[in-house]
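Going from the sequence shown to our numbering is simple: count from 1 and add 375.
Where a beta carbon is used, it is the ideal one built from N, C-alpha and C, also for glycine.
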Amino acid sequence: MKRLSINRLLAGASFLTALLALQPTWAQDKIRLGLSSVSATNGSVWVAEEKGFFKKHGVDVEVIVIGGGGARVVSSLVAGDLQFSVGGGEGSVRSQLRGADTVIVASTMNKGLQRLLARPDIKSHHDLKGKRIGITNFGSAGHLVLVLMLKKWGLRPDQTQILQVGSSPAMLASLDKGGIDAAVLTLPTFFVAEEKGYRVIGDPAHMDIVYLQNTLESTRPYIRKNREQALKFMKGYIEGIAYFKKNKRESIEILRKKLRIQSEQERDNRYLEMSYNLLASTFYNDVPHPSLKGIQTIIDKLAEEDPKLKDRDPKSFADESIVKELDDSGFIKALYAK
Numbered sequence: 376m377k378r379l380s381i382n383r384l385l386a387g388a389s390f391l392t393a394l395l396a397l398q399p400t401w402a403q404d405k406i407r408l409g410l411s412s413v414s415a416t417n418g419s420v421w422v423a424e425e426k427g428f429f430k431k432h433g434v435d436v437e438v439i440v441i442g443g444g445g446a447r448v449v450s451s452l453v454a455g456d457l458q459f460s461v462g463g464g465e466g467s468v469r470s471q472l473r474g475a476d477t478v479i480v481a482s483t484m485n486k487g488l489q490r491l492l493a494r495p496d497i498k499s500h501h502d503l504k505g506k507r508i509g510i511t512n513f514g515s516a517g518h519l520v521l522v523l524m525l526k527k528w529g530l531r532p533d534q535t536q537i538l539q540v541g542s543s544p545a546m547l548a549s550l551d552k553g554g555i556d557a558a559v560l561t562l563p564t565f566f567v568a569e570e571k572g573y574r575v576i577g578d579p580a581h582m583d584i585v586y587l588q589n590t591l592e593s594t595r596p597y598i599r600k601n602r603e604q605a606l607k608f609m610k611g612y613i614e615g616i617a618y619f620k621k622n623k624r625e626s627i628e629i630l631r632k633k634l635r636i637q638s639e640q641e642r643d644n645r646y647l648e649m650s651y652n653l654l655a656s657t658f659y660n661d662v663p664h665p666s667l668k669g670i671q672t673i674i675d676k677l678a679e680e681d682p683k684l685k686d687r688d689p690k691s692f693a694d695e696s697i698v699k700e701l702d703d704s705g706f707i708k709a710l711y712a713k
């Protein structure tokens, strides 16, 4: 009997040990985060993933590259395959106008991460009339940024020839061969183009063009039913931004690891460092409040197609409460005080 009691005690202790070992896993809330592309702009997300910031705040996040741009990743969000998505804000705005219950909860970058470069003989935007300008595809972020820059200069899109060429490296190759006269390039390709002697005609980051380059979206039902999980997730997401901005060497190493399937340009150490410096100093927002001005930019653009949209309130497309709660609590300020 004594031996049986000891065996039972040992068995109970083993069960209790196993139970305690499982508790951290049970405490983690599973969240799927979709990315619209493999891009250096997602550096802060990858930092949060690799450094364990999501787990630190109590959520288990699976980061998935959906690809195909903002519209596709928002479609996965609407379908319920994701709880959060990262992409350009236009996809979320368009989905809401079609009746989807998506919502922008944070805005990491409110400036267009593109530059318009042209042949050296094109001196300024005045020389763009009739010229062939390459973009990735119609409806892309680069296309919108081009239209916004042309508007700033008093030019209409139909005063130029806008051509779908493909990726930034493909557009640079077309520039080299004379297939196009100018192109809307993103990093790090625009660094390469500048070194080759192509002229920067426009940089939206210095033209007072506010655009939702990189936003975090969710759905209203998810936020309503899972607010605590959403707050935990946002803590990890924002800590990733802070770490990225403050830790250059470690962040570049994570970028190098995550961009392994991209072009040689993006893996080049020099261009990778240049990309990091630009993201950390100019583009990433310390406090990623949803940008109402950026949403208004999209509304104004869509209102050209449907004038009824011009009176839409940009606040109706965003939920500012999560970032605001963390900001008001001092959480974000503390990240930058360390």
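Just how far apart, CA to CA, sit I508 and K498?
The residue given as residue 508 occupies position 133 in the sequence shown. The residue given as residue 498 occupies position 123 in the sequence shown. Taking the straight line joining both Cα atoms gives about 15 angstroms.
Where does E680 land, buried or exposed, given buried means 16+ other C-beta within 10 angstroms?
Position 305 of the sequence shown, counted from the start, is the residue given in the question as residue 680. So E680 ends up on the exposed side.
Does the beta-carbon of V478 have 16 or more other beta-carbons within 10 angstroms, so that it is buried, or is it exposed?
The residue given as residue 478 occupies position 103 in the sequence shown. Answer is buried; the Cβ neighbour count reaches 16.
Beta-carbon within less than 7 angstroms of R687's beta-carbon, same chain only, minus the 5 sequence neighbours each way: which residues are those?
Locating residue 687 in the sequence shown gives position 312, where the first residue counts as 1. Correct list, in chain order: I674.
Would DSSP call T561 helix, strand or coil?
Working through the sequence shown from its first residue, we reach residue 561 at position 186. T561 carries a strand assignment under DSSP once its states are collapsed to helix, strand and coil.
Taking 9 angstroms as the CB-CB cut-off, is Y618 touching chain C?
Protein chains in the displayed structure number just one, and chain C is not present.
Under the three-state DSSP convention, the category K504 falls into
Start at 1 with the first residue of the sequence shown, and residue 504 comes out as number 129. Looking at K504 - three-state DSSP - the assignment turns out to be coil, as it is neither helix nor strand.
Name the DSSP beta bridge partners of K571, please?
Position 196 of the sequence shown, counting from 1, holds the residue named residue 571. Paired residue(s): none; K571 is not in a bridge.
Please determine whether the Cβ atom of M546 lies at a distance below 8 angstroms from any heavy atom of the ligand HEM.
Although the ligand HEM was asked about, the structure shown includes no ligands whatsoever.
Looking at C-alpha atoms only, which residue of V413, K426, G409 and E425 is the closest neighbour of L452?
In the sequence shown, the residue the question calls residue 452 occupies position 77. Of V413, K426, G409 and E425, the residue nearest in Cα terms is G409.
Nearest to S412 by CA position, among G445, E425, F428 and I406, is which residue?
Working through the sequence shown from its first residue, we reach residue 412 at position 37. Checking every option, the nearest Cα to that of S412 belongs to G445.
Give every residue of the same chain whose Cβ lies closer than 6 angstroms to the Cβ of W421, excluding the five residues on either side of it in the sequence, and list them in chain order.
Mapped onto the sequence shown, residue 421 falls at position 46. Result list for W421: I629 and K633, in chain order.
Kindly list the residues whose CB is nearer than 7 angstroms to the CB of Q471, restricted to its own chain and excluding five residues on each side of it in sequence; keep chain order.
Residue 471 sits at position 96 when you count from the first residue of the sequence shown. Cβ neighbours of Q471 beyond the five flanking positions: T477 and F692.
In angstroms, rounded to a whole number, what distance separates the CA positions of V698 and A415?
Sequence index remark: in the sequence shown, residue 698 carries index 323 (1-based). Sequence index remark: in the sequence shown, residue 415 carries index 40 (1-based). Looking at the two C-alpha atoms, the distance is approximately 23 angstroms.
By the 10 Å Cβ neighbour count, where 16 or more other Cβ atoms means buried, how is Y597 classified, buried or exposed?
In the sequence shown, the residue the question calls residue 597 occupies position 222. By the neighbour-count rule (16 or more Cβ atoms within 10 Å), Y597 is buried.
Residue from S515, D694, A709 and L491 whose Cα sits closest to the Cα of Y573:
On the sequence shown, position 198 is the one that residue 573 refers to. Considering only alpha carbons, the answer is L491.
I'd like the span of the beta strand (DSSP E) that includes L525, first residue to last.
Looking up residue 525 in the sequence shown gives position 150. Run containing L525: none in the beta strand (DSSP E); it sits in the alpha helix (DSSP H), A516 to K527.
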